[in-house]
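Count the sequence shown with numbering that gives the first Met the number 0 and you get residues 0 to 148, in order.
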Amino acid sequence: MQWDFGTGLSYTEFSYSDLTLSKTNVTSSSDSIDVSVTVTNSGSMAGKETVMLFLTQPYRSISVPEVKQLKKFSKISLDAGASQVVNFTLTAADWSVYYPQIGNGFKQVAEDTDYVIAMKPETDCDVYNETAAANPLCATFTLQTGDYP
């Protein structure tokens, strides 16, 4: 049997809701985005959950190592029925990559395009299907800095 990254055994269940971004347009490489999500222990026992934030750049012209990258995580403990708002801050270091490739020097760059945030490893944001139903655990922001041609 194979387990997804981050999957652990637990005697309780957790639900996620209210994914929000502080902004959906980034116009400066010094900007940051505050991301929050509410995690609720919907089971009958206390438990711990690793809250994971993934970032996807669906359309790219430069080589990005992975389609879905784990960028932030936080381990929380919740009593049965309790909820907690978990906050993360994304910066240019999170949405940029090193370019050009090995052997040619490195420069951190980010393409002006849409980026998709997903909570939980199993969340499918269906980023290539514009008619797909919106997933409440997915959110999009647009980078428009003009820094990378």
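For each residue, glycine too, the CB sits at the ideal point set by N, CA and C.
Being a predicted model, the structure only gives us computed values, none of them experimental.
Local Cβ density within 10 Å of residue i, reported as buried at 16 or more and exposed below that
| i | result |
| --- | --- |
| MET118 | buried |
| ASN24 | exposed |
| LEU77 | buried |
| GLY145 | exposed |
| GLU48 | buried |
| GLU121 | exposed |
Distance between residue j and residue i (C-alpha atoms, nearest Å)
| i | j | result |
| --- | --- | --- |
| VAL96 | PHE87 | 20 Å |
| ILE61 | SER41 | 42 Å |
| ASP93 | LYS67 | 12 Å |
| THR90 | THR39 | 27 Å |
| ASP123 | THR141 | 19 Å |
| TYR127 | ASP17 | 23 Å |
| GLY46 | VAL85 | 16 Å |
| ILE75 | SER82 | 10 Å |
| VAL34 | LEU69 | 14 Å |
| GLU110 | ILE32 | 16 Å |
Contact belief for residue i with residue j at Cβ below 8 Å, rounded distance in angstroms
| i | j | result |
| --- | --- | --- |
| SER73 | VAL50 | 5 Å |
| THR55 | VAL115 | 4 Å |
Per DSSP, the bridge partner or partners of residue i
| i | result |
| --- | --- |
| GLN83 | VAL38 |
| ASN24 | THR141 |
| ASP113 | THR141 |
| ALA90 | The sequence shown places Thr at residue 90, not Ala. DSSP, once it has assigned bridges, lists no residue as partnering THR90. |
| ILE193 | Absent from the model: residue 193. The displayed extent of the chain is 0 to 148, so no value can be given. |
Beta-carbon proximity list for residue i, same chain, < 8 Å, skipping 5 on both sides
| i | result |
| --- | --- |
| TYR58 | THR112 and ASP113 |
| MET44 | TYR10, THR11 and ALA79 |
| SER14 | VAL38, THR39 and SER41 |
| THR26 | GLN143 and THR144 |
Cβ shell of residue i (< 6 Å), same chain only, five flanking positions each side left out
| i | result |
| --- | --- |
| PRO135 | none |
| VAL36 | TYR15, LEU18, VAL85 and MET118 |
| ALA133 | none |
Cβ neighbours of residue i in the same chain (closer than 7 Å, five flanking residues each side left out)
| i | result |
| --- | --- |
| ALA138 | LEU18, LEU20 and ILE116 |
| LYS71 | LEU52 and PHE87 |
| ASP30 | none |
| SER28 | ALA91, THR144 and ASP146 |
Minimum Cβ-Cβ distance from residue i to chain B less than 9 Å
| i | result |
| --- | --- |
| CYS124 | No chain B appears in this structure, which consists of one protein chain only. |
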